[in-house]
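Asks: In this note's numbering, the protein residues as written are 17 to 162. Just so you know, even glycine gets a beta-carbon here, dropped at the ideal spot from N, CA and C. Here the structure is a predicted model, which is why all the values come from computation and not from measurement. Before I ask anything, let me first share the structure, which is written out below as structure tokens.
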Amino acid sequence: MRLREFGLTGLEEQDGVHVAVDHQRTVVPPAGLVIHRRRRLERLVHPARVPCLVRVEDAALHRASRLQRTSLGLGLLADVCQQRLTTPHRLREALVDLPKLKSRKAVWAILDDIAVGAHAFVEISYLRLVERPHGLPAPGRQKRRL
């Protein structure tokens, strides 16, 4: 479940190798292995990656929820969209299947901000702390090019 495998840059590495297994399996992890139990694992696995990898959306949402500070997790979600590894829409679809995810409410809100073109944490902070509270007009933001 390493986001680096999808090409994400600028993220500190996690300790150990993270492996997703079905929620009903009992696994005693050897040293260096971190086990994550997942429901509906077959839906989370990328259909074409070999070896099998959890989809970038699920990996990003779970990693963001495990970071020590919520702001770091929300910044991570902005990064995966900014680097075009996924979209806010696809992250929302994945979030529907994660009703118990930590900071779920904050994630929903941040995905709305990312969807309007705020793709860096500083842009999101500006949007939330300056632009909206003071009723400033929206600046030109990133837009999808066709």
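Could you tell me whether the Cβ of A134 comes closer than 8 Å to any Cβ of chain B?
Replies: Here there is only one protein chain, and chain B is not present.
Asks: Taking the straight line between their C-alpha atoms, what separation do you get for D113 and T86?
Replies: Looking at the two C-alpha atoms, the distance is approximately 20 Å.
Asks: Just the C-alpha distance for P82 and L101, rounded to the nearest angstrom, thanks.
Replies: It is worth fixing the name first, because residue 82 is Arg in this sequence and not Pro. For R82 and L101, the distance between alpha carbons rounds to 20 Å.
Asks: Quick one: does the C-beta of R148 sit closer than 7 Å to a heavy atom of the ligand ZN?
Replies: Among the components modelled here there is no ligand, and therefore nothing to report on the ligand ZN.
Asks: DSSP three-state call for L143: helix, strand or coil?
Replies: If DSSP states are grouped into helix, strand and coil, L143 belongs with the helices.
Asks: What three-state label does DSSP hand L114 in the structure shown?
Replies: Coil, per DSSP.
Asks: Give me whichever residues DSSP pairs with A122 in a beta bridge.
Replies: According to DSSP, which records beta bridges pairwise, A122 is partnered with nothing at all.
Asks: Let's see if you can read the secondary structure: which residues bound the beta strand (DSSP E) around R53?
Replies: Residues L49 to R54.
Asks: Along the chain, where does the beta strand (DSSP E) containing V72 start, and where does it finish?
Replies: Counting along the chain, V72 falls outside any beta strand (DSSP E), though it belongs to the alpha helix (DSSP H) covering V72 to R82.
Asks: Can you grab the Cα-Cα spacing for the pair D129 / I140, in whole Å?
Replies: Distance between the alpha carbons of D129 and I140: 6 Å.
Asks: May I ask which residues mark the beginning and end of the alpha helix (DSSP H) holding V43?
Replies: Segment: none, V43 is in no alpha helix (DSSP H) and carries neither H nor E.
Asks: Please identify the residue among P149, H39, V35 and R55 whose C-alpha is closest to the C-alpha of D46.
Replies: The sequence as given places Pro at residue 46; Asp does not occur at that position. Closest by alpha carbon: V35.
Asks: What is the DSSP secondary structure of A131, counted as helix, strand or coil?
Replies: In this structure, A131 counts as helix in the three-state DSSP scheme.
Asks: Tell me the residue span of the beta strand (DSSP E) that contains A36.
Replies: From DSSP, the beta strand (DSSP E) with A36 extends over V33 to D38.
Asks: Please look up how many angstroms separate the CB atoms of L107 and E58, rounded, as I've assumed it's under 8 Å.
Replies: Going by Cβ atoms, the distance from L107 to E58 rounds to 20 Å, so no, they are not a contact pair.
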